[in-house]
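J.: Structure incoming, see below.
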Amino acid sequence: MIVRQFFYELTRNKMKQKTANHRVFLLCLFLGISISGMVNAGEIKKTTKQAFLLPERGLCAHRGAMKTHPENTIPAFRAAINAGAHMIEFDVFLTKDNQMVVIHDSKVDRTTNGKGKVSDLTLAEIKKLDAGSWKAPEFAGEQIPTLQEVLNVMPYNIWLNIHIKGDGQLPVQVASLIGKQGRLHQAFLACSAAAATKAKEVVPEIKICNMERQDSEHEYVQETIKLKTDFIQLRKADYPDFAANVKMLKENGIRVNYFGTDSPEIIKMLFENGVDFPLVNDILGVIDVAWELDIQPVQPVFKTKK
């Protein structure tokens, strides 16, 4: 049943498999993840430092495989991992009882059968909601996951793009959990300057993507260089200085994300101009663009519990 569903998704999304090696890689990758997941919730064998080398560039699955799965849910993340995503982006809010949950909106209305603000609901109340049926009947009963549950299914050799939705206690809690879970090498907080300051007070080595946007893209780039953050997330590419701004960021050691597109032509243009990680909604549909540019999908590596 698992394998049949895998090939159904490949067909549904018309993933063009250019070579025999491509087909074999995807099949082996999927089977490897499925088997390891059956053994112990997605844990496998390798734990060497070399196994945790992170991609230099690639595709970022925005809210997981949100085109084909309910966004910010475990199935969406697993589908993105199966596809070979190089980075996965997701959003975190605090519940009424200060539990970290992964959801994009401040309210549960759009992506569940419930109503109300996340901050007005306890974790127990949120866990009763159906976060899958709105997307398709096959996802009925899927829950809003906690941050811990999301980390439990994430490999150690892809980037984790964690969008912080709040400047209060949330960045402190997220940074602390990332540190305790041994994810500092791969996780970064996409957040405001205020949230970044609070996170670094408790975990100085936490990586930051500057989301404190300015009046112009040029000012945003200059401020990010001044702050010396690890990442930036650009939103425009149709202006004369785009390539020069990307070059300047790279020269200052800042990785460049771009939000967002599913257009193969635009993705190729972004890579050609030095962007590291374009955010995409349809990771299953555009992963072949990476193959065409000799950017191989990630074969995920999970860490065995001690």
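With positions in the sequence shown counted from 1, the corresponding number in this note's numbering is that position plus 14.
Using N, Cα and C, we set each Cβ at its ideal position, and we do this for glycine too.
Just so we're clear, the structure is a prediction, and the values are computed from it rather than from any experiment.
1) If you count every other CB in all the chains shown that lies within 10 Å of the CB of Lys242, and 16 or more means buried, which is it?
2) So the beta strand (DSSP E) Leu292 belongs to, where does it begin and stop?
3) Given this structure, state the Cα-to-Cα distance separating Gly72 from Ile176, to the nearest angstrom.
4) If you draw a straight line from the alpha carbon of Lys60 to that of Gln228, how long is it in whole angstroms?
5) Measuring only the C-alpha atoms, how far is Lys240 from Arg269?
6) Measuring straight from C-alpha to C-alpha, what distance separates Leu143 and Thr126?
7) Quick one: is Gln247 buried, meaning 16 or more other Cβ sit within 10 Å of its Cβ, or exposed?
8) Kindly list the residues whose CB is nearer than 6 Å to the CB of Lys264, restricted to its own chain and excluding five residues on each side of it in sequence; keep chain order.
9) Can you tell me where the alpha helix (DSSP H) with Gln200 in it begins and where it stops?
10) Taking just the CA atoms, how far does Pro311 sit from Ala209?
11) How big is the Cα-Cα spacing for Glu103 and Leu284?
12) Can you give me the C-alpha to C-alpha distance between Ala75 and Gly155, rounded to a whole angstrom?
13) In chain order, what residues of the same chain lie with their CB nearer than 7 Å to the CB of Lys110, ignoring the 5 residues before and after it?
14) For Asn86 and His232, what's the separation of their Cα atoms in angstroms?
T.: On the basis of the coordinates in this document:
1) Locating residue 242 in the sequence shown gives position 228, where the first residue counts as 1. With fewer than 16 other Cβ atoms within 10 Å, it is exposed.
2) Here residue 292 refers to the residue found at position 278 of the sequence shown. The question names Leu, yet the displayed sequence has Pro at residue 292. For Pro292, the enclosing beta strand (DSSP E) has its first and last residue at Phe291 to Val294.
3) Start at 1 with the first residue of the sequence shown, and residue 72 comes out as number 58. Start at 1 with the first residue of the sequence shown, and residue 176 comes out as number 162. Ile176 has its alpha-carbon roughly 17 Å from the corresponding atom of Gly72.
4) Here residue 60 refers to the residue found at position 46 when the sequence shown is read from its first residue. Here residue 228 refers to the residue found at position 214 when the sequence shown is read from its first residue. With a pLDDT of 38 at Lys60, under the threshold of 50, the modelled position of this residue cannot be trusted, and the question is left open.
5) For the purposes of this step, residue 240 is taken as the residue at position 226 of the sequence shown. For the purposes of this step, residue 269 is taken as the residue at position 255 of the sequence shown. Lys240 and Arg269 have their C-alpha atoms spaced approximately 14 Å apart.
6) Start at 1 with the first residue of the sequence shown, and residue 143 comes out as number 129. Start at 1 with the first residue of the sequence shown, and residue 126 comes out as number 112. In this model, Leu143 and Thr126 are separated by some 6 Å (Cα to Cα).
7) Taking the first residue of the sequence shown as 1, we reach residue 247 at position 233. When all chains shown are included, Gln247 counts as buried.
8) Counting from 1 along the sequence shown, the entry for residue 264 is found at position 250. So the list reads Gly288, once near-sequence residues are dropped.
9) As a first step, residue 200 is located in the sequence shown; it is residue number 186 there, counting from the start. For Gln200, there is no enclosing alpha helix (DSSP H), as DSSP gives it neither H nor E.
10) Locating residue 209 in the sequence shown gives position 195, counting from the first residue. Locating residue 311 in the sequence shown gives position 297, counting from the first residue. CA-to-CA, the gap between Ala209 and Pro311 works out to about 32 Å.
11) On the sequence shown, position 89 is the one that residue 103 refers to. On the sequence shown, position 270 is the one that residue 284 refers to. Going from the Cα of Glu103 to the Cα of Leu284 covers about 18 Å.
12) Residue 75 sits at position 61 when you count from the first residue of the sequence shown. Residue 155 sits at position 141 when you count from the first residue of the sequence shown. Between Ala75 and Gly155, the C-alpha separation is close to 23 Å.
13) For the purposes of this step, residue 110 is taken as residue 96 along the sequence shown, with counting starting at 1. Only Ser133, Asp134, Leu135 and Thr136 meet the Cβ criterion.
14) Locating residue 86 in the sequence shown gives position 72, where the first residue counts as 1. Locating residue 232 in the sequence shown gives position 218, where the first residue counts as 1. Looking at the two C-alpha atoms, the distance is approximately 31 Å.
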